[in-house]
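Asks: Sharing a structure below in structure tokens format, with a few things to ask.
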Amino acid sequence: LYAHQHIDLKPIPGLDHPFVDAEIAAKAEDAEKKNAEQAAADAAAERPPVLSSRTTQTLKELTRLFQAAPVLDAPAAPETLSAL
41 LYAHQHIDLK
51 PIPGLDHPFV
61 DAEIAAKAED
71 AEKKNAEQAA
81 ADAAAERPPV
91 LSSRTTQTLK
101 ELTRLFQAAP
111 VLDAPAAPET
121 LSAL
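Per this note's numbering, the very first residue in the sequence shown carries number 41; after that it's consecutive.
If you want it as structure tokens, here you go:
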């Protein structure tokens with residue numbers, strides 16, 4: 041989906057027609073624009089404008105739990121059992 045966005049495709053040496061026919065490319069571009077517009081509209085419709093109060097409470101509780109969590113010590117260096 042995002043593979044060729046914002047880059048210039050260059051012709052491959054040795055190919056007579058490295059790019060797709062202009063008419064087919066135009067149709068594909070129109071279809072891609074329609075799909076992108078529909079996807080953006082769907083995403084906007086699904087996304088609430090603000091967090092619910094329950095979500096806000098949950099995030100605040102998680103913040104409190106993370107801040108109260110004990111600091112973990114770095115793991116001990118591995119013991120060398122043999123040196124060859």
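Where is the CB? At the ideal position from N, CA and C, for every residue including glycine.
List the endpoints of the continuous alpha helix (DSSP H) containing residue 113.
Replies: Premise fails: residue 113 is in no alpha helix (DSSP H) and is neither H nor E.
Asks: Counting only the same chain and skipping the five closest in sequence on each side, list residues whose C-beta sits under 8 Å from that of residue 72.
Replies: Correct list: empty, nothing qualifies.
Asks: CA-CA distance, residue 82 and residue 74?
Replies: Cα-Cα distance, rounded: 12 Å.
Asks: What separation, rounded to the nearest whole angstrom, lies between the Cα atoms of residue 120 and residue 113?
Replies: Answer to the nearest angstrom: the Cα atoms are 21 Å apart.
Asks: May I ask which residues mark the beginning and end of the alpha helix (DSSP H) holding residue 98?
Replies: Counting along the chain, the alpha helix (DSSP H) containing residue 98 begins and ends at 93-108.
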